[in-house]
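To keep things clear, I will list the structure first and then write my remarks on it.
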Amino acid sequence: MDNSTTPSRPTPVISDETPHAERPKLRGRPTKQHAPVIDLDILKVATELFADKGYAATSMEAIATKVGIAKRTLYTRYPDKITLFRDVLETIIRTAAVPEPMAFPDMRTCLMFHTENYFIIASDPSMKVIRTLGAAEVMGLPEIALIAEEMTRDIGINPIAQTIRDTAQRTGLTVSDPEFIAASILDMAAGHFNRVQVLKLRSDFASFKFAADRIVNLLMAGIAEENNRRA
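Residue numbering for the sequence shown is 1 to 231, as defined by the UniProt record's numbering.
Below you can see the structure in the form of structure tokens.
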């Protein structure tokens, strides 16, 4: 399988440039010089703790202590834990994702990009934050389920659907329900990825690219059938 088109990963946003372990605990209000470093440290430490202990077992106090800041400094930036958790997830996804091109030449290229991008994001080591969340924890924490639903819609289904809509308009294809196609990409890709993880199957990019190709074949067949009916 040719891997020549494997997308490259952007440089992570969460930096180790000034490790929190080497910075003494700050007293009082952080200076303008320290503020950006503290912001990065908060995300880095929160990511580590959420990944290692899970959401429920991680406290804002533990995060502040490990960063080396006062709790009020943390709460000034994040009023509650769920807001911080969402920022952690959005940062991970933004860092792992391949930048989207300005436009896609055809619908197949569009769908392949989004399907492959899902596998790239899901495979990122930082996504251990998600995998640490067991089903019992998610079921017992409605705010986590709500965050998952909102993020799936806001940074998953809606933007993917918009690129499908734009590509259809530019290429003359009819796609009556772009949101359904977008959700189907995420559902099928997530189902395949979870199966690979549970059964410990081959999980390199070539195998995911193969799966993406089959997923897109199914979606393109449905789009073609819709356009044939309208012809």
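A virtual CB, placed ideally from N, CA and C, is assigned to each residue, including glycine.
Owing to the predicted nature of the structure, the values given are computational and were not obtained by experimental measurement.
Considering only C-alpha positions, which residue in the set the options is nearest to residue i?
{"i": "Ala206", "options": "Cys110, Ile120, Val45, Ile92", "result": "Ile120"}
{"i": "Phe104", "options": "Glu90, Leu201, Ile164, Asp177", "result": "Ile164"}
{"i": "Asp39", "options": "His192, Ala183, Leu218, Ala64", "result": "Ala64"}
{"i": "Ala35", "options": "Gly68, Ala57, Ser59", "result": "Gly68"}
{"i": "Gly54", "options": "Ile82, Asp213, Thr95, Ala183", "result": "Ile82"}
{"i": "Asn117", "options": "Val98, Ile92, Glu226, Lys71", "result": "Val98"}
{"i": "Asn227", "options": "Pro79, Val196, Ser176, Ile130", "result": "Ser176"}
{"i": "Ser203", "options": "Pro125, Ile130, Ile181", "result": "Pro125"}
{"i": "Ala159", "options": "Pro79, Arg195, Asp80, Met102", "result": "According to the sequence provided, residue 159 is Pro. The question's Ala does not apply to it. That would be Met102, whose Cα lies nearest to the Cα of Pro159."}
Looking only at its own chain, which residues have a Cβ that is under 6 Å from the Cβ of residue i, when we skip the five neighbours before and after it?
{"i": "Phe208", "result": "Phe119"}
{"i": "Ile185", "result": "His114, Thr115"}
{"i": "Leu111", "result": "Val216, Leu219"}
If residue i sits next to residue j, beta carbons under 8 Å apart, how far is it from one beta carbon to the other, in whole angstroms?
{"i": "residue 242", "j": "Met188", "result": "Past the edges of the chain, shown from 1 to 231, lies residue 242, and the structure says nothing about it."}
{"i": "Glu179", "j": "Ala161", "result": "5 Å"}
{"i": "Arg77", "j": "Ile42", "result": "7 Å"}
{"i": "Leu141", "j": "Ala57", "result": "No, Leu141 and Ala57 are not in contact; Cβ-Cβ is about 12 Å, not under 8 Å."}
{"i": "Ile92", "j": "Met60", "result": "In fact, because the Cβ distance is near 19 Å, the residues do not count as touching under 8 Å."}
Within the same chain, show all residues whose beta-carbon is closer than 8 Å to that of residue i, passing over the 5 residues directly before and after it, in chain order.
{"i": "Arg230", "result": "Thr174"}
{"i": "Asp106", "result": "Thr167, Thr171"}
{"i": "Glu22", "result": "Residue confidence is low: Glu22 scores 47 on pLDDT, short of 50, so the model does not pin down where it sits. Its coordinate-derived value is still stated next. Within the same chain, Glu22 has no close Cβ partners at all."}
{"i": "Leu146", "result": "none"}
{"i": "residue 232", "result": "Limits of the chain in this structure are 1 at one end and 231 at the other, which puts residue 232 out of reach."}
{"i": "Arg195", "result": "Leu201"}
Tell me whether residue i counts as near the ligand GTP, meaning its Cβ is closer than 7 Å to at least one heavy atom of that ligand.
{"i": "Ala96", "result": "Ligands in the displayed structure: none, and consequently the ligand GTP is not present."}
Would you verify that the beta carbon of residue i is, or is not, closer than 8 Å to some beta carbon of chain C?
{"i": "Glu225", "result": "Within the model displayed, chain C is absent; a lone protein chain is all it includes."}
Would you check if the distance between the CB atom of residue i and the CB atom of residue j is smaller than 8 Å?
{"i": "Ala122", "j": "Phe210", "result": "no"}
{"i": "Thr47", "j": "Val88", "result": "yes"}
{"i": "Ile155", "j": "Glu90", "result": "yes"}
{"i": "Ile157", "j": "Ala190", "result": "no"}
{"i": "Leu74", "j": "Ala62", "result": "no"}
{"i": "Ala51", "j": "Thr132", "result": "yes"}
{"i": "Lys66", "j": "Val45", "result": "yes"}
Under 7 Å Cβ to Cβ from residue i, same chain only, skipping five residues before and after it: list those, please.
{"i": "Arg108", "result": "Val216, Met220"}
{"i": "Ile223", "result": "Met107, Leu173, Val175"}
{"i": "Ser4", "result": "For Ser4, the pLDDT reaches just 40, beneath the cut-off of 50, and the residue's location in the model is therefore unreliable, leaving the point undetermined."}
{"i": "Gln169", "result": "none"}
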